[in-house]
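Written as structure tokens, this is what we have:
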């Protein structure tokens, strides 16, 4: 995505939308084998040359081209254009409306719509269609909703009489758009693609984009698609200018050339063993004893910072913290190192007591929740040379009918998540500060919340009930985590490692002192079917007729804490799991050297 940005491509311009590669060629197997090179697309070749027949056809066109006014080209169409973007995203508003506009107010003929991943691959890879060489868009790797006809759009019927609905997925996706995205992302991050992606970069952004190298690679497109190929300001004929602009806008633009030399091959680093995946080897070490309960753990530059009861560490430097719960019902800013009072703010919730708080990653927004059921969103600002913090009320969010018990702010996904004693969880928009949705009602009050800033997945805990949700409110998995109703979940976290590998791992901290590690697997998997820890029950959560398509499997129970586990933190480098309890004990769970080596060889 960084290369797309550097080449001037972004989501705000359909004619210069980010371009991503087809990475797979296997859309027919029941099981996707990422260890087999034949499962992958030929990344060193353009889409038109994925087959020998296609390559011969396009090279023949280039060699026999004879027009003194139009330079030679292999492809008259392009791999990225506004039409291609709208072709892929026709099920997703507002692109569905734009798609209709492109087709004169209605959808194209049903047989020409985006119906099947397999058929689209066969068409684009040169198998029987020399006018189609399209690549993919980023949505194929992170947003399953674009593959589903969730808005019941009338997309017509094919000649066979089949009504067009959701996109037909490969057998290995098990009928799940989310599972397709997960495996497709796994393929993008696989060893084979990592070792060969530089070839595709050479074609799209690099030295094979133009000139002799492009000719030899069969990678030459119509000349108007290249930046600088025509000085549009020098064209005086209005009709000609309009024609050129129409061609550029509708038939695609080649990205800005970023590299004039071959792109280096990605360095294959040894993959860090996942501490949750290998949690049976984790060894606990007590690294600190605090004087009060630990409710927040933050790691900054290898330093571990802690917050106690009714406290919140303030981003981005974390040299200050916010405290509440005082008899005067005030909120106070304190210095972390010296516990020095910096500023006091009274009557933030009238006569109500603040119960919890959250902050945006940039440290500019503070959200407070009180026993009056209100969420107040404050903008933090400084006044003059002194470090006094000023709070300006941006909005008060009304939706809960009882005390706010917990909240979480996710700036990457621009949302606020709030839980309450009224057994509800509400999602709010951090940008517009309005209600987005309420999750189905829980059987008991909400005890912990977490938003994964990488995947957007939401974790909710209510008593012993753990549920994982998509950012759009779909319940992915739910389970009762204990046979003891008193063993409530007090803290939750999940993996946010940067390469999206093994993000389906979750951790819960319990009233009993147990730390439990969970893996989320698709219901069709063998692990799900054979596990004795699976549960088809929704644990009292009312999901209507919707059935979660994933299950949570208990992977390991980590026992060492003698007190309730009130805070969890998985370091971003995946080297340790940190857990804090109500008596102030901070533990580090790490893989010992011998386990590290063994698990590295396994994974």
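In my numbering, the protein residues as written are 1 to 603. From the three backbone atoms N, C-alpha and C, an ideal C-beta is built for every residue, glycine too.
Give a yes or no on whether the C-beta atoms belonging to residue 208 and residue 196 are separated by under 7 angstroms. If you check the CB distance, residue 208 and residue 196 do not come in under 7 angstroms.
Among residues of its own chain, excluding the 5 on either side of residue 385, which ones have a beta-carbon nearer than 7 angstroms to its beta-carbon? Low per-residue confidence applies at residue 385: pLDDT is 44, beneath 50, and the placement is therefore not dependable, though the value from the model is reported in the following sentence. Closer than 7 angstroms at the Cβ level, and outside the excluded window around residue 385, lies no residue.
contact_flag[the segment 45–58, the segment 124–135] where n(CB pairs < 8 angstroms) is 3 or more: With the cut-off at 8 angstroms, the segment 45–58 and the segment 124–135 touch.
Please classify residue 196: does DSSP put it in a helix, a strand, or coil? Residue state, collapsed to three classes: helix.
Quick check: what's the CA-CA separation for residue 369 versus residue 306? Residue 369 and residue 306: Cα-Cα distance of roughly 21 angstroms.
In three-state terms, what does DSSP make of residue 285? If DSSP states are grouped into helix, strand and coil, residue 285 belongs with the strands.
Go through its chain and collect everything with a Cβ distance to residue 594's Cβ below 6 angstroms, but skip five positions before and after it. With a pLDDT of only 42 at residue 594, under the threshold of 50, the placement of this residue in the model should not be trusted; the figure read from the coordinates follows. If you ignore the 5 residues before and after residue 594, its C-beta comes within less than 6 angstroms of no other C-beta in its own chain.
Tell me which same chain residues have a C-beta within less than 7 angstroms of the C-beta of residue 404, skipping the five on either side of it? 355, 356, 369, 370, 373, 375, 418 and 420, listed in sequence order.
Considering only the beta carbon of each residue, do residue 589 and residue 284 sit closer than 7 angstroms? It is a contact, given that the beta carbons lie within the stated cut-off.
Can you give me the start and stop residues for the alpha helix (DSSP H) that residue 633 sits inside? Nothing can be reported for residue 633: it is not among the residues displayed for the chain, which extend from 1 to 603.
In the DSSP assignment, find the alpha helix (DSSP H) that holds residue 5 and state where it starts and stops. That run of the alpha helix (DSSP H) goes 2–6.
Quick one: grab the DSSP three-state call for residue 296. Three-state DSSP puts residue 296 in a strand.
Would you call the segment 105–121 and the segment 80–95 in contact, with 3 or more CB pairs under 8 angstroms? Contact between the segment 105–121 and the segment 80–95 is present: 3 or more CB-CB pairs across the two stretches fall below 8 angstroms.
Give me the residue from 85, 470 and 562 with the minimum Cα distance to residue 511. The candidate whose alpha carbon is nearest that of residue 511 is 562.
Going by DSSP in three states, residue 51 sits in which element: helix, strand or coil? The three-state reading of DSSP puts residue 51 in coil, since its state is none of H, G, I, E or B.
Please go through the same chain and pick out, in chain order, the residues whose beta-carbon is closer than 7 angstroms to the beta-carbon of residue 1, but skip the five residues on each side of it. For residue 1, where only same-chain residues beyond five positions count, the Cβ hits under 7 angstroms are 18 and 138.
Quick one: is the Cβ of residue 516 within less than 6 angstroms of any heavy atom of the ligand MG? Ligands in the displayed structure: none, and consequently the ligand MG is not present.
Going along the chain, which residues of its own chain have a beta-carbon closer than 6 angstroms to the beta-carbon of residue 276, five neighbours each way excluded? Cβ within range, chain order: 505 and 517.
Considering only their Cβ atoms, is the gap separating residue 513 from residue 568 smaller than 7 angstroms? No. Outside cutoff.
Got a sec? Which residues, its chain only, sit under 6 angstroms from residue 226 by beta carbon, not counting five neighbours each side? Around residue 226: 254.
What three-state label does DSSP hand residue 172 in the structure shown? Helix, per DSSP.
For residue 11, which residues from the same chain have a beta carbon less than 6 angstroms from its beta carbon, with the 5 sequence-adjacent residues on both sides left out? Result list for residue 11: empty, nothing under 6 angstroms.
Just tell me which of 382, 555, 3 and 39 has its CA closest to the CA of residue 256. The shortest C-alpha separation from residue 256 is found at 3.
Out of curiosity, what's the CA-to-CA distance linking residue 349 and residue 365? Here the C-alpha atom of residue 349 lies approximately 16 angstroms from the C-alpha atom of residue 365.
Would the beta-carbon of residue 612 fall within 7 angstroms of that of residue 79? Shown here, the chain extends from 1 to 603; a query on residue 612 therefore has no answer.
Out of 428, 444, 575 and 479, point me to the one whose CA is closest to residue 495's CA. Ranking 428, 444, 575 and 479 by Cα distance to residue 495 puts 575 first.
How many angstroms separate the CA atom of residue 578 from the CA atom of residue 556? In this structure, the CA atom of residue 578 is about 16 angstroms from the CA atom of residue 556.
In this structure, how does DSSP classify residue 456 when only helix, strand and coil are distinguished? Coil.
Going by alpha carbons, who is nearest to residue 102 out of 171, 251 and 123? Checking every option, the nearest Cα to that of residue 102 belongs to 251.
Would you tell me roughly how many angstroms separate the C-alpha atoms of residue 296 and residue 322, rounded to the nearest one? Separation of residue 296 and residue 322 (C-alpha to C-alpha, rounded to the nearest whole angstrom) is 12 angstroms.
For residue 492, which residues of its own chain have a beta-carbon under 6 angstroms away from its beta-carbon, when the five flanking residues on both sides are left out? Correct list, in chain order: 448, 450, 459, 461 and 508.
Pull up the DSSP beta-bridge partners for residue 75, would you. For residue 75, which the question treats as bridged, DSSP gives the partners 221.
Runs of 3 residues minimum, wholly inside the segment 297–376: which ones carry the beta strand (DSSP E) assignment? Here the runs fully enclosed are 303–307, 311–314, 320–323, 331–335, 341–345, 354–359 and 365–370.
In angstroms, rounded to a whole number, what distance separates the CA positions of residue 400 and residue 424? One alpha carbon belongs to residue 400, the other to residue 424, and they sit about 7 angstroms apart.
Can you give me the C-alpha to C-alpha distance between residue 497 and residue 280, rounded to a whole angstrom? Linking residue 497 to residue 280 through their CA atoms gives a straight-line distance of about 20 angstroms.
Is residue 408 closer than 7 angstroms to residue 358 when the C-beta atoms are compared? A contact, by the Cβ cut-off of 7 angstroms.
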